[in-house]
Amino acid sequence: MIKVEGLTKRYARKVAVDNISFEVEKGQIVGFLGPNGAGKTTTMRVLTCFLPPTSGSAQVAGFDVLEHPMEVKKRIGYLPETPPLYPEMEVHEYLEFVGRIKGVPSGDLARRLAEVSEACAVSDVSKTLIGKLSKGYRQRVGLAQAIIHNPDVLILDEPTAGLDPHQIIETRDLIKGLAERGKHTIILSTHILPEVEQTCERVIIINKGKLVATDTVENLTSRLRGAETVAVEIVAGDGALNAAAVQARLEQVAGVSRVLPKEQGESKLHFMVESLEGRHIRPGLAKAVVDAGWNLNELHAVGLSLEEIFLQLTSSPEDAKQEEAIAATASEPAAAETVGENK
Ligand SMILES: Nc1ncnc2c1ncn2[C@@H]1O[C@H](COP(=O)(O)OP(=O)(O)O)[C@@H](O)[C@H]1O
Ligand SMILES: [Mg+2]
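Written out as structure tokens, the structure is:
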């Protein structure tokens, strides 16, 4: 349904989107995830024919955005970051107006209005001035205008940004509802992860204009779980513990790639131990600790959340080194908290 090949968009000197390629199949709901400035909005504006690509191509339903923009626009509903609403219009007036602009035949307009008002839960405010609506309701009207011409593809730019938690849930449910009706292929952009985990089947991650991953949410999680991280806590028996000696011993265990010291007290040591890819290190770690005569207080695998994966994918090696340095010197409560969250 959507095919992007080698797409590059340059603004003056800045390369906002750098040679990205991806495809989205019909009926899918895909999360376009990346930190602020990653190039999400730019990509969406190219897909919706608002901006021409510098190079590469983008197709919607087989139509190229440069060669057949009218065909593309017919098939796309777009909700920009700021919905194009007219505060002085009543909701039904506005939706009718947009419907006409988008070429909905007059005979179908009343029916379409009723359908989208129901789908986007705005029937109860049809006579209200848009300017008087809450932000949540405005977003729903924004969605309604995006689907009024029943487009195959919906492009939603940060649809929940700026909404309160309650409105976020409502909007997510609404988007999921639109996807479930099976009529639309949806791409939604976001810079926050729960959005993707809760709404999307697939995720496309971009960072600094480059595509860094595209996969199902599940695969992405398990792929990056190939290497495991194990939290180890050792408590002192009779004698005091030597943190450096313990660390050195853990580093020798087969399959271990690195050992990060965490909370370190006199009678208790805490480490995060990372394995090489595909290696199970828990039995070896347990044996090493017990053989050395230390007391093993805790040993468990720490799952990677999508959040950590996202950070892994979107931080450069220099960032990672810095983070490591910070983590290594982090205050004890903070380190303990991190572990607790991942249990
Ligand atoms: N009109 C513009 N002129 C110049 N640079 C722009 C323009 N729009 C966006 N950019 C730059 O392009 C990059 C990508 O921006 P954008 O696509 O808005 O990212 P995102 O939506 O992921 O936050 C950013 O570095 C941004 O500053
Ligand atoms: Mg944006």
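With my numbering applied, the sequence shown corresponds to residues 532 to 874, in that order.
We put the beta carbon where it would ideally sit given N, CA and C, even for glycine.
Predicted model, so just to flag it, every value in this text is computed and none were measured.
| Item | Value |
| --- | --- |
| Glu612: which of Lys666, Gly815, Ser657 and Met601 sits nearest, CA to CA? | Lys666 |
| What does the shell around ligand 1 hold, if a residue joins when its beta-carbon is under 5 Å from any heavy atom? | Tyr542, Lys545, Ala547, Asn567, Gly568, Ala569, Gly570, Lys571, Thr572 and Thr573 |
| Count the other CB atoms, across all protein chains shown, that sit within 10 Å of the CB of Lys540; report buried if there are 16 or more and exposed otherwise. | buried |
| Quick check on Val881: does DSSP put it in helix, strand or coil? | It is not possible to answer for residue 881, since the shown part of the chain is limited to 532 through 874. |
| With a threshold of 8 Å, establish whether the CB of Glu726 neighbours any heavy atom of ligand 2. | no |
| Do Gly786 and Gly824 have their beta-carbon atoms positioned less than 9 Å apart in this structure? | no |
| Could you check if Glu689 belongs to the surroundings of ligand 2, using beta carbon to heavy atom distance under 8 Å? | yes |
| Who are the near neighbours of Arg780 in its chain, counting only those whose CB is closer than 7 Å to its CB and skipping five residues on each side? | Ala819 and Ala823 |
| What is the rounded straight-line gap between the Cα of Lys714 and the Cα of Glu732? | 16 Å |
| What residue ranges within the segment 652-679 form continuous alpha helix (DSSP H) runs of no fewer than 4 residues, ordered along the chain? | 666-678 |
| Taking 9 Å as the threshold (C-beta atoms), are Val548 and Val577 in contact? | yes |
| Using a Cβ-Cβ cutoff of less than 8 Å, which residues in the same chain neighbour Phe841 once the five nearest sequence positions on both sides are dropped? | Leu564, Leu724 and Ile736 |
| Roughly how far, in whole angstroms, is the beta-carbon of Gln676 from the beta-carbon of Leu626, given that I think they are within contact range, below 8 Å? | 6 Å |
| Residue ranges of each alpha helix (DSSP H) run of no fewer than 4 residues wholly in the segment 593-654, ordered along the chain? | 600-606, 622-632 and 637-650 |
| Whole angstroms is fine: what's the gap from Glu872's alpha carbon to Val734's? | Here Glu872 scores only 38 on pLDDT, less than 50, and its place in the model should not be relied on; the value that follows carries that caveat. Whole-angstrom Cα-Cα distance: 24 Å. |
| Pick helix, strand or coil for Leu800, following the three-state DSSP scheme. | strand |
| Quick check: what's the CA-CA separation for Glu556 versus Glu701? | 26 Å |
| How big is the Cα-Cα spacing for Leu538 and Phe628? | 34 Å |
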